[in-house]
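**Student:** Structure in structure tokens, see below.
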Amino acid sequence: MKYAAKIYKRVIVKALRKTIKVWSRRDNKLKGDCRVVERNIRLIKSPARVGDHDTNLDADLTNWAVSDPGNIFCLIDRPYAKNQTVQSAMAVCIDQAAIFARFNDIAAQVEDCPRRMVCERSFMKKADQHASSVQIRSTETRAHSEFLIHSFH
Numbered sequence: 019m020k021y022a023a024k025i026y027k028r029v030i031v032k033a034l035r036k037t038i039k040v041w042s043r044r045d046n047k048l049k050g051d052c053r054v055v056e057r058n059i060r061l062i063k064s065p066a067r068v069g070d071h072d073t074n075l076d077a078d079l080t081n082w083a084v085s086d087p088g089n090i091f092c093l094i095d096r097p098y099a100k101n102q103t104v105q106s107a108m109a110v111c112i113d114q115a116a117i118f119a120r121f122n123d124i125a126a127q128v129e130d131c132p133r134r135m136v137c138e139r140s141f142m143k144k145a146d147q148h149a150s151s152v153q154i155r156s157t158e159t160r161a162h163s164e165f166l167i168h169s170f171h
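So, in structure tokens, the structure goes:
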């Protein structure tokens, strides 16, 4: 068993290798996590539509997630909250299209990724691209310099 707040990221997302959309009571401290491309934790907006009525996190004690993309539904025994970091937790995930479809309809609306995380990811991507272009320019300059040196000898 893993600690509750960590089970979402360190077990479920890691095992599925996919983004998950989470329906769970949560505190205002722990936000979605969008730092790893295609392995995000997206929080489902509350209230959500279930069939012909609305439900909200205050009225619903369940904790579950669906994969994005995929047909995987997970039931988790602890909420997605920072104060749950010292309690053990358990999750059961099944790959079953009919069950997934019902819950994925509820998970249609997710909260935006925290702005800071999106900026960090964008900055890191730009830094990686810059490092690659610097490396290419450095190689091109070195090759050009070697050509000039050989040309003059």
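Per my numbering, the sequence shown runs over residues 19 to 171.
Just so you know, even glycine gets a beta-carbon here, dropped at the ideal spot from N, CA and C.
Going by beta carbon distance, what residues of the same chain come within less than 7 Å of Phe-121, once the five residues before and after it are set aside?
**Tutor:** Trp-82, Val-84 and Phe-91
**Student:** Is the beta carbon of Lys-49 closer than 8 Å to that of Pro-132?
**Tutor:** yes
**Student:** Taking the beta carbon of Phe-107 as the centre, do at least 16 other beta carbons fall within 10 Å, making it buried, or is it exposed?
**Tutor:** In the sequence under discussion, the amino acid at residue 107 is Ala, which differs from the Phe named in the question. The residue is buried, with at least 16 neighbouring Cβ atoms inside 10 Å.
**Student:** Leaving aside the five residues before and after Ile-94 along the sequence, list all residues of the same chain whose C-beta is less than 6 Å from its C-beta, in chain order.
**Tutor:** Asn-81 and Ala-109
**Student:** Taking the continuous beta strand (DSSP E) assigned at Asp-113, which residues delimit it?
**Tutor:** 109–113
**Student:** May I ask which residues mark the beginning and end of the beta strand (DSSP E) holding Cys-92?
**Tutor:** 90–94
**Student:** Using the C-alpha atoms, what's the distance from Lys-36 back to Ile-30?
**Tutor:** 9 Å
**Student:** Leaving aside the five residues before and after Ile-117 along the sequence, list all residues of the same chain whose C-beta is less than 8 Å from its C-beta, in chain order.
**Tutor:** Hits under 8 Å: Phe-91.
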